[in-house]
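Chains as they are written, first to last, in the working numbering: chain A, 4 to 285; chain F, 48 to 281.
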């Protein structure tokens with residue numbers, strides 16, 4: 004085991020330029036991956052915040068008894084999908100409208116706005132189908148005149164989110180593939196630079212798994228180092244974006260760790276494929 | 048110990064390299080393989096250490112059959128063989144000692160044992176004072192001695208030498224040959240392919256001549272290792 008580790012490290016020392024080059028290449032490939040992940044993460048974050056505002060507003064017919072409204076609100080609040088219900092009286096509706104419209108508040112002078120029951124849906128139930136179903140149940144109350152829940156933009160939001168998710172997976176897999184190929188190529192160079200040593204190892208009866216081990220460790224080390232470098236680059240890029248463009252969120256510790264593990268796995272797969280091919284050929 | 052039974056080897060592009068060879072090499076024998084280039088000597092030796100497998104027939108090496116041997120078995124059988132080549136195949140960035148120790152390290156021999164074994168085998172090949180020299184600091188004959196030491200350090204039952212003197216001058220050739228005789232006298236079988244007919248003519252060892260993949264002459268199995276009769280060459 005000691006020799007295996009030493010062998011893996013020796014390659015770094017013997018061919019520092021090649022090693023640095025391969026780590027950098029891996030880092031850039033993972034950096035691209037990281038940047039995309041960051042974009043996907045922020046889209047998701049933004050969507051989550053937008054989704055927070057998904058609301059069903061049921062306008063109540065004029066002259067409805069406040070008791071009936073309160074009863075309906077309590078019923079609706081008991082739906083499993085519903086997070087909370089707010090009753091908005093005619094006066095409150097007017098105040099809110101004036102506030103939202105700011106400079107144009109004059110248009111509401113003397114106007115009468117309908118009272119409403121505002122329903123907020125729990126996270127996880129904000130997909131178009133569920134919202135529509137809840138809206139239909141709310142509309143079933145006889146005194147509800149009309150209902151609004153931003154049908155179109157809920158659907159658009161949802162589609163955008165799905166597209167972002169799929170694009171993330173597809174591009175992520177593409178970048179992962181590229182990383183595996185790059186790591187495989189750099190390990191291949193390392194294997195070739197030690198081809199004589201490997202052939203002698205085989206002649207004196209070293210097992211293939213023994214020969215393979217240092218290269219696998221080297222691949223994992225390169226993957227992890229490349230991953231760390233990529234993380235640093237991604238963090239730097241994110242800091243720049245935060246300073247000059249918009250506030251964004253960064254990966255949490257769990258995702259960071261998963262990213263490094265992913266880098267290690269890419270290194271392992273890349274080197275296993277590369278060494279395996281070499282050992283089969285000689 | 049080593050038995051070839053109707054062994055043929057055909058390559059897709061170059062055709063037949065070994066053609067229906069059957070022979071047996073006994074414990075402690077010294078066998079010369081001769082014949083022109085391309086006669087199949089190297090392929091025959093490669094089949095002993097299972098670098099090549101026969102296209103038909105069977106090679107048995109110390110109980111392991113070429114027909115059934117797995118990757119792991121090949122690694123195991125090679126630990127009982129010593130292999131030497133014309134081009135020495137030493138690692139340039141390691142000293143003589145480290146080159147020899149390498150063969151033990153990669154098969155998991157513990158460190159203290161490696162040190163004693165390397166010292167012993169260096170003395171055996173006559174390089175006791177040159178353990179810390181790098182291959183480039185050694186003469187051709189000395190480099191081949193290091194390679195032989197590396198082949199011997201695992202205590203093989205047979206030493207396979209493919210043109211071991213092909214790159215050496217007469218003097219060095221005689222030295223290496225004497226070393227192989229001494230090794231044989233100590234009980235290790237030797238299989239040696241060579242072009243050097245002078246070397247063979249003066250010996251009473253078993254000689255197998257090959258041509259176009261077939262055995263055309265076999266002086267016959269010798270019962271016991273020949274005694275080291277010739278005067279020791281420096």
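Ideal Cβ placement from N, Cα and C applies to all residues, glycine included.
This structure is a prediction, so every number in the text was calculated from the model and none was measured.
- Message: For residue 28 (chain A) and residue 183 (chain A), what's the separation of their Cα atoms in angstroms?
- Response: Reading the first chain from its first residue, position 25 is the one you call residue 28 (chain A). Reading the first chain from its first residue, position 180 is the one you call residue 183 (chain A). When rounded, the distance between both Cα atoms is 11 Å.
- Message: Taking CB distances under 8 Å as the criterion, tell me whether residue 130 (chain F) reaches chain A.
- Response: The residue given as residue 130 (chain F) occupies position 83 in the second chain. Chain A contact via Cβ: present.
- Query: Between which two residues does the beta strand (DSSP E) harbouring residue 264 (chain F) extend?
  - Reply: For the purposes of this step, residue 264 (chain F) is taken as residue 217 along the second chain, with counting starting at 1. 261-265 is the span of the beta strand (DSSP E), which, as asked, contains residue 264 (chain F).
- Message: Considering just the uninterrupted stretch of the beta strand (DSSP E) at residue 137 (chain F), what are its terminal residues?
- Response: To locate residue 137 (chain F), count along the second chain from 1; it is residue 90. Counting along the chain, residue 137 (chain F) falls outside any beta strand (DSSP E), and DSSP gives it neither H nor E.
- Message: Measuring CB atoms only, is the region 261-268 of chain A touching the region 190-203 of chain A, in the sense that at least three cross pairs come out at less than 8 Å?
- Response: no
- Neighbour list for residue 200 (chain A) in chain F, Cβ cutoff strictly below 7 Å: By 1-based counting over the first chain, the position of residue 200 (chain A) is 197. In chain order: 138.
- From the beta carbon of residue 123 (chain F), is the nearest beta carbon of chain A less than 8 Å away? Within the second chain, residue 123 (chain F) is the residue found at index 76, counting from 1. Judged by the 8 Å Cβ criterion, residue 123 (chain F) is in contact with chain A.
- Using a C-beta to C-beta distance shorter than 7 Å, which residues of chain A count as neighbours of residue 154 (chain F)? To locate residue 154 (chain F), count along the second chain from 1; it is residue 107. Going along chain A in sequence order, the residues near residue 154 (chain F) (Cβ under 7 Å) are 207, 208, 209.
- Message: Taking only three categories from DSSP, how would you classify residue 56 (chain F)?
- Response: Your numbering for residue 56 (chain F) matches position 9 in the second chain. Three-state result, residue 56 (chain F): strand.
- Residues, ordered as in the chain, of the region 143-174 of chain F that lie near chain A by beta-carbon distance below 9 Å: 146, 149, 150, 151, 152, 153, 154, 155
- Query: Is it a yes or a no for the region 122-141 of chain F touching the region 175-193 of chain F, going by three-plus beta-carbon pairs under 8 Å?
  - Reply: yes
- Task: Please go through the same chain and pick out, in chain order, the residues whose beta-carbon is closer than 6 Å to the beta-carbon of residue 9 (chain A), but skip the five residues on each side of it.
- Result: For this step, residue 9 (chain A) is matched to residue 6 along the first chain. Cβ within range, chain order: n/a, list empty.
- Consider the Cβ of residue 356 (chain F): report whether some Cβ of chain A lies at a distance smaller than 8 Å. Given a span of 48 to 281 for chain F in the structure shown, any question on residue 356 (chain F) remains unanswerable.
- Message: Measuring straight from C-alpha to C-alpha, what distance separates residue 159 (chain A) and residue 60 (chain A)?
- Response: Sequence index remark: in the first chain, residue 159 (chain A) carries index 156 (1-based). Sequence index remark: in the first chain, residue 60 (chain A) carries index 57 (1-based). Roughly 19 Å separates the two Cα atoms.
- What does residue 213 (chain A) reach in chain F if we use C-beta pairs closer than 7 Å? On the first chain, position 210 is the one that residue 213 (chain A) refers to. 153, listed in chain order.
- Along the beta strand (DSSP E) that carries residue 256 (chain F), what are the first and last residues, could you check? On the second chain, position 209 is the one that residue 256 (chain F) refers to. Run containing residue 256 (chain F): 253-258, per the beta strand (DSSP E) assignment.
- Task: Name the two residues that bound the continuous beta strand (DSSP E) containing residue 95 (chain F).
- Result: On the second chain, residue 95 (chain F) is found 48 positions in, with the first residue counted as 1. It is not in any beta strand (DSSP E) - residue 95 (chain F) instead sits in the alpha helix (DSSP H) that spans 88-95.
- Message: Considering only the alpha carbon of each residue, which of F:240, F:261, F:94 lies closest to residue 253 (chain F)?
- Response: Here the question's residue 253 (chain F) lines up with position 206 in the second chain. Residue 253 (chain F) has its Cα closest to that of F:240, out of F:240, F:261, F:94.
- Could you tell me whether the Cβ of residue 303 (chain A) comes closer than 8 Å to any Cβ of chain F? There is simply no residue 303 (chain A) to check, as chain A begins at 4 and stops at 285 in what is shown.
- Message: Could you tell me the alpha carbon to alpha carbon distance between residue 274 (chain F) and residue 218 (chain F), rounded to whole angstroms?
- Response: The sequence position of residue 274 (chain F) within the second chain is 227, counting from 1. The sequence position of residue 218 (chain F) within the second chain is 171, counting from 1. Note that residue 274 (chain F) scores a pLDDT of 49, beneath 50, so its modelled location is shaky; the value from the coordinates is reported in the next line. Taking the straight line from one Cα to the other gives about 22 Å.
- Message: I believe residue 97 (chain F) touches residue 109 (chain F) by the beta-carbon criterion, under 8 Å. Please report the beta-carbon distance rounded to the nearest angstrom.
- Response: For the purposes of this step, residue 97 (chain F) is identified with residue 50 of the second chain, where counting begins at 1. For the purposes of this step, residue 109 (chain F) is identified with residue 62 of the second chain, where counting begins at 1. No, residue 97 (chain F) and residue 109 (chain F) are not in contact; Cβ-Cβ is about 11 Å, not under 8 Å.
- The alpha helix (DSSP H) with residue 27 (chain A) in it runs from where to where? The residue given as residue 27 (chain A) occupies position 24 in the first chain. It spans 19-54 - the alpha helix (DSSP H) in which residue 27 (chain A) sits, taken as one unbroken run.
- Query: Relative to the C-alpha of residue 64 (chain F), which residue among F:186, F:226, F:83, F:213 is closest?
  - Reply: Along the second chain, one-based indexing puts residue 64 (chain F) at 17. Of the listed residues, the one whose Cα sits closest to residue 64 (chain F) is F:83.
- Message: For a contact defined as C-beta to C-beta under 9 Å, what are the partners of residue 268 (chain A) on chain F?
- Response: As a first step, residue 268 (chain A) must be located in the first chain, where it is residue number 265. Those within 9 Å of residue 268 (chain A) in chain F number zero; the least Cβ separation is about 25 Å.
- Query: Could you check where the beta strand (DSSP E) with residue 105 (chain F) kicks off and where it finishes?
  - Reply: Numbered from its first residue, the second chain carries residue 105 (chain F) at position 58. Its beta strand (DSSP E) spans residues 103-108.
- Is there at least one non-hydrogen atom of the ligand MG closer than 7 Å to the beta-carbon of residue 239 (chain F)? Of the ligands one can find in the structure shown there are none, so the ligand MG has no counterpart to examine.
- Task: Can you pull the chain F residues whose beta carbon is under 9 Å from the beta carbon of residue 203 (chain A), in chain order?
- Result: As a first step, residue 203 (chain A) must be located in the first chain, where it is residue number 200. Neighbours of residue 203 (chain A) on chain F, chain order: 136, 137, 138, 146, 149, 150, 153, 197.
- Query: residue 78 (chain F) and residue 238 (chain F) look like a contact to me (Cβ under 8 Å); what is the Cβ gap, rounded to whole Å?
  - Reply: The residue given as residue 78 (chain F) occupies position 31 in the second chain. The residue given as residue 238 (chain F) occupies position 191 in the second chain. With 8 Å as the limit, residue 78 (chain F) and residue 238 (chain F) qualify as a contact, their Cβ atoms being about 5 Å apart.
- Query: With residue 139 (chain F) and residue 182 (chain F) assumed to form a contact (beta carbons below 8 Å), what rounded beta-carbon distance in angstroms separates them?
  - Reply: On the second chain, position 92 is the one that residue 139 (chain F) refers to. On the second chain, position 135 is the one that residue 182 (chain F) refers to. That belief holds up - the Cβ atoms of residue 139 (chain F) and residue 182 (chain F) are roughly 6 Å apart, short of 8 Å.
- Task: Select from the region 243-270 of chain F all residues with a C-beta closer than 7 Å to any C-beta belonging to chain A, and list them in chain order.
- Result: none
- Message: Within 8 Å, do at least three Cβ pairs link the region 79-99 of chain A to the region 166-180 of chain A?
- Response: no
- Can you give the Cα-Cα distance for residue 129 (chain F) and residue 201 (chain F), rounded to whole angstroms? In the second chain, counting from the first residue as 1, residue 129 (chain F) sits at position 82. In the second chain, counting from the first residue as 1, residue 201 (chain F) sits at position 154. Cα to Cα, the separation comes out at about 8 Å.
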